[in-house]
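Q: Position one of the sequence shown corresponds to residue -1 (our numbering), numbered consecutively onward. Here it is, the structure in full.
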Amino acid sequence: MNKWSKWLRLGVFALLGLGVSWLVSCSRPVATSGTEIEFWTMQLQPQFTAYFEGLIEDFEAENPGVKVRWVDVPWEAMESKILTSVAANTAPDVVNLNPKFASQLASREAWLNLDEQLSEDDQRLYLPKIWQASTLNGKTFGLPWYLTTQVTIYNRALLEAAGIENPPQTYEELATVARQVKDQTGKFTLFVTLIPEDSGAVLESLVKMGVTLVDESGKAAFNSPEGVAAFEYWVNLYREGLLPPEVLTRGHRYGIDLYQTGEAALVATGPQFLNAIATNAPDIAEVSGVAPEITGETGKKNVAVMNLTIPRTTRHPEEAVKFALFVTNSQNQLAFAQEAKVLPSTQEAVAEFIEVLESSSELSPQEEAVLVGAKQLQDAEVLIPAMDNLNVLQRAIYENLQAAMLGQKTIEQALADAAQQWDQDQS
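Now the structure itself:
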């Protein structure tokens, strides 16, 4: 059994969690005696208690006089808890969040501007596109921590029954495969939800197809030739019966169920989903393969990022920055990636992560999926930029795309209405 087997069996933990951490000062002087900083994570106990206790012990040994108080917050409580603490000026010193939520507070200048606090050498340690995920209005508000990328899990038997040798890797190929699978087997290839409050996969697909969602001033930019082509793509798949009708009414979970019951040829998800398939649908797991994330002509691929942010009101900025850099250095990122089955965000850790997997004589399906995901990191980026009211943008696009699918609006009118709806909301 290779040394990756242990962490690959460990439980999955979601990148959708919310948390906050704060970073400061590129000089990072030695902390004063008796300093305590508070570090919040999101639902990592008890699974990773030993890891974090060891991490904190190592940091305290390297920084005499500094103590770290670790607080683990339930996933469902993190958003309200951090909002309340920021408003009450009682926020912790370092917090784990995702850029999407952290950007909402960044727009209110709640976080330290890390461009002013960290050296260029510090910033160059991380994957450049991942670093950009935690920037807003030209300011960096978070330090990258752990990542996940999506992969395509596909049913080899179903594709073979349709006469298809390889899974699709582009949206153009996906449309061809969808028609062939439906004609030959009567089943679907893919499910994507258009419920505004659910997955952002369709929104991300527009970016992969070359659509610019908003311009530099925050106004709608998707009412464009590229936007028309992207809307046409999804409308045509729906009207030709190549998407399940439930895309208008059911969430992403329904697509997972379709795959596990053998009614869909592929699902876009994280590598950890293979564990669920093996448990819930072992027959499907036996015929499942892994391929890179589907993309458009741009070649762009998505990544989900968790970062560390530091509140502007922290009383211990030097210590908070020093601790956040310690948590996210290459050595500790690699150790955590192995422990938690996620991906690191420093260039050195990613290279070693891939090297260890590739040197293995035999990879499990989960390891193969993790390797596919890790190899996507150099080209991966957060496709939806950090912005206020992202949920409003997704609603405007999804509701109008639905209307076009149902023939209630032309594609051109649907795009124009979505753009007007977004711009009015921003004015």
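All C-beta atoms, glycine included, are put in the ideal place defined by N, C-alpha and C.
Return the Cβ separation of Asn305 and Gly140 in integer angstroms, given the expectation that the two are a contact with Cβ distance under 8 Å.
A: Here the question's residue 305 lines up with position 307 in the sequence shown. Here the question's residue 140 lines up with position 142 in the sequence shown. With 8 Å as the limit, Asn305 and Gly140 qualify as a contact, their Cβ atoms being about 3 Å apart.
Q: Please report the residue range of the beta strand (DSSP E) in which Asn300 lies.
A: Taking the first residue of the sequence shown as 1, we reach residue 300 at position 302. Per DSSP, Asn300 belongs to the beta strand (DSSP E) from Lys299 to Thr307.
Q: Could you check how far apart the C-beta atoms of Leu125 and Ser357 are, in whole angstroms? I think they sit under 8 Å.
A: Here residue 125 refers to the residue found at position 127 of the sequence shown. Here residue 357 refers to the residue found at position 359 of the sequence shown. Actually they do not touch by this definition, with Cβ atoms about 22 Å apart.
Q: Shortest alpha-carbon distance to Glu337 belongs to which of Glu34, Thr138, Thr47 and Ser132?
A: The count along the sequence shown starts at 1 and reaches residue 337 at position 339. Of the candidates Glu34, Thr138, Thr47 and Ser132, the one whose C-alpha sits nearest the C-alpha of Glu337 is Thr47.
Q: Please confirm if the region 151 to 163 is in contact with the region 206 to 223, defined as three or more CB-CB distances below 8 Å between the two stretches.
A: Touching, no, given that fewer than three Cβ pairs across the two stretches are closer than 8 Å.
Q: Find the nearest neighbour of Ser117 within the set Glu34, Phe99 and Val319, judged by alpha-carbon distance.
A: For the purposes of this step, residue 117 is taken as residue 119 along the sequence shown, with counting starting at 1. Taking only the C-alpha atoms, the option nearest Ser117 is Val319.
Q: Give me the Cβ distance between Asn330 and Leu381, rounded to the nearest whole Å; I'm assuming they're in contact under 8 Å.
A: Taking the sequence shown and counting its residues from 1, one reaches residue 330 at position 332. Taking the sequence shown and counting its residues from 1, one reaches residue 381 at position 383. With a Cβ gap of about 27 Å, Asn330 and Leu381 do not count as contacting.
Q: Locate the beta strand (DSSP E) running through Trp232, then write down its first and last residues.
A: One-based indexing of the sequence shown puts residue 232 at position 234. Counting along the chain, Trp232 falls outside any beta strand (DSSP E), though it belongs to the alpha helix (DSSP H) covering Pro223 to Arg237.
Q: For the structure I just gave you, are there three or more beta carbon pairs, one from the region 292 to 299 and one from the region 155 to 171, closer than 8 Å?
A: With a cut-off of 8 Å, the region 155 to 171 and the region 292 to 299 count as touching, because enough Cβ pairs lie within range.
Q: Based on Cα-Cα distance, which residue from Ala227, Val233, Asp213 and Asn389 lies nearest to Lys206?
A: On the sequence shown, residue 206 is found 208 positions in, with the first residue counted as 1. For the residues Ala227, Val233, Asp213 and Asn389, the minimum Cα distance to Lys206 belongs to Ala227.
Q: Quick one: is Asp70 buried, meaning 16 or more other Cβ sit within 10 Å of its Cβ, or exposed?
A: Within the sequence shown, numbered from 1, the residue matching residue 70 stands at position 72. Its Cβ being crowded by 16 or more others within 10 Å, Asp70 is buried.
Q: Along the chain, where does the alpha helix (DSSP H) that runs through Asn398 open and close?
A: Sequence index remark: in the sequence shown, residue 398 carries index 400 (1-based). Its alpha helix (DSSP H) spans residues Leu388 to Met403.
Q: Where do the ends of the alpha helix (DSSP H) carrying Val209 lie?
A: Start at 1 with the first residue of the sequence shown, and residue 209 comes out as number 211. First-last for Val209: undefined, no H or E at that position.
Q: Spell out a yes or no on whether the region 389 to 406 and the region 364 to 378 are touching, meaning 3 or more CB-CB pairs, one atom from each, closer than 8 Å.
A: The region 389 to 406 is not in contact with the region 364 to 378.
Q: Taking only heavy atoms of the ligand GDP into account, decide whether any of them is closer than 7 Å to the Cβ of Asp213.
A: Questions concerning the ligand GDP fall outside what the structure shown contains, since it holds no ligand whatsoever.
Q: Does DSSP put Val288 in a helix, a strand or coil?
A: For the purposes of this step, residue 288 is taken as the residue at position 290 of the sequence shown. Correct three-state label for Val288: strand.
Q: Given a cut-off of 8 Å, decide if Ala372 and Val354 are closer than it, judged by their beta-carbon atoms.
A: Looking up residue 354 in the sequence shown gives position 356. Looking up residue 372 in the sequence shown gives position 374. Contact: no.
Q: Report yes if the CB atom of Leu332 is closer than 8 Å to the CB atom of Glu350, and no otherwise.
A: On the sequence shown, position 334 is the one that residue 332 refers to. On the sequence shown, position 352 is the one that residue 350 refers to. A contact, by the Cβ cut-off of 8 Å.
Q: Note the first and the last residue of the continuous alpha helix (DSSP H) segment covering Arg470.
A: Residue 470 lies beyond the stretch modelled for the chain, which goes from -1 to 425, so this question has no answer here.
Q: Which value, in whole angstroms, describes the spacing of the CA atoms of Leu145 and Glu114?
A: Position 147 of the sequence shown, counted from the start, is the residue given in the question as residue 145. Position 116 of the sequence shown, counted from the start, is the residue given in the question as residue 114. Whole-angstrom Cα-Cα distance: 24 Å.
Q: Have a look at Lys339, Pro290 and Tyr49 and flag the residue whose alpha-carbon is nearest the alpha-carbon of Thr150.
A: For the purposes of this step, residue 150 is taken as the residue at position 152 of the sequence shown. When only C-alpha atoms are compared, the closest one is Pro290.
Q: Could you give the C-beta distance for Ala262 and Lys185, rounded to a whole number, given that I count them as a contact under 8 Å?
A: Your numbering for residue 262 matches position 264 in the sequence shown. Your numbering for residue 185 matches position 187 in the sequence shown. Indeed, because the Cβ distance is near 7 Å, the residues count as touching under 8 Å.
Q: Considering Asp70, what are the terminal residues of the beta strand (DSSP E) in which it resides?
A: Within the sequence shown, residue 70 is the residue found at index 72, counting from 1. Counting along the chain, the beta strand (DSSP E) containing Asp70 begins and ends at Val64 to Val71.
Q: Which of the three DSSP states is assigned to Trp20 in this structure?
A: To locate residue 20, count along the sequence shown from 1; it is residue 22. With a pLDDT of 32 at Trp20, under the threshold of 50, the modelled position of that residue is not reliable, and the figure given next carries that caveat. If DSSP states are grouped into helix, strand and coil, Trp20 belongs with coil.
Q: Count the other CB atoms within 10 Å of the CB of Glu51; is the residue buried (16 or more) or exposed (fewer)?
A: Within the sequence shown, residue 51 is the residue found at index 53, counting from 1. By the 10 Å Cβ count, Glu51 comes out exposed.
Q: Residue range of the alpha helix (DSSP H) that Ile54 falls in?
A: Walking along the sequence shown from the start, residue 54 turns up at place 56. Ile54 -> alpha helix (DSSP H) spans Thr47 to Glu60.
Q: Hey, quick one: how far does the beta strand (DSSP E) through Asn330 stretch, first residue to last?
A: Here residue 330 refers to the residue found at position 332 when the sequence shown is read from its first residue. Premise fails: Asn330 lies in the alpha helix (DSSP H), Ser328 to Ala338, not in any beta strand (DSSP E).
Q: State the DSSP-derived secondary structure class of Ala378, mapped to helix, strand or coil.
A: In the sequence shown, the residue the question calls residue 378 occupies position 380. Ala378: strand per DSSP, three-state reduction.
Q: Check whether the region 279 to 289 and the region 79 to 96 are in contact - that is, three or more C-beta pairs closer than 8 Å.
A: Cβ pair count under 8 Å is below three, so no.
Q: Which residue's Cα is closest to the Cα of Ile193: Ile352, Gly32 and Gly249?
A: Here residue 193 corresponds to residue number 195 of the sequence shown, with the count starting at 1. Here the closest residue by C-alpha is Gly249.
Q: Please state whether the Cβ-Cβ distance between Ala89 and Phe229 is less than 8 Å.
A: The count along the sequence shown starts at 1 and reaches residue 89 at position 91. The count along the sequence shown starts at 1 and reaches residue 229 at position 231. Contact flag unset, no.
Q: Using the Cβ count rule (16 or more neighbours within 10 Å means buried), how would you classify Ser203?
A: As a first step, residue 203 is located in the sequence shown; it is residue number 205 there, counting from the start. Per the 10 Å Cβ criterion, buried.
Q: By Cβ distance, which residues of its chain are closer than 6 Å to Asn111, with the 5 residues on each side in sequence left out?
A: For the purposes of this step, residue 111 is taken as the residue at position 113 of the sequence shown. The residues are Lys137.
Q: Please report the distance separating the alpha-carbon of Phe189 from that of Thr311.
A: As a first step, residue 189 is located in the sequence shown; it is residue number 191 there, counting from the start. As a first step, residue 311 is located in the sequence shown; it is residue number 313 there, counting from the start. Phe189 and Thr311: Cα-Cα distance of roughly 45 Å.
Q: In chain order, what residues of the same chain have a beta carbon less than 7 Å from the beta carbon of Leu235, not counting five sequence neighbours either side?
A: In the sequence shown, counting from the first residue as 1, residue 235 sits at position 237. Closer than 7 Å at the Cβ level, and outside the excluded window around Leu235, lie Ala173, Ala176 and Leu241.
Q: Please report how far the alpha carbon of Lys180 lies from the alpha carbon of Arg237, in whole angstroms.
A: Counting from 1 along the sequence shown, the entry for residue 180 is found at position 182. Counting from 1 along the sequence shown, the entry for residue 237 is found at position 239. When rounded, the distance between both Cα atoms is 13 Å.
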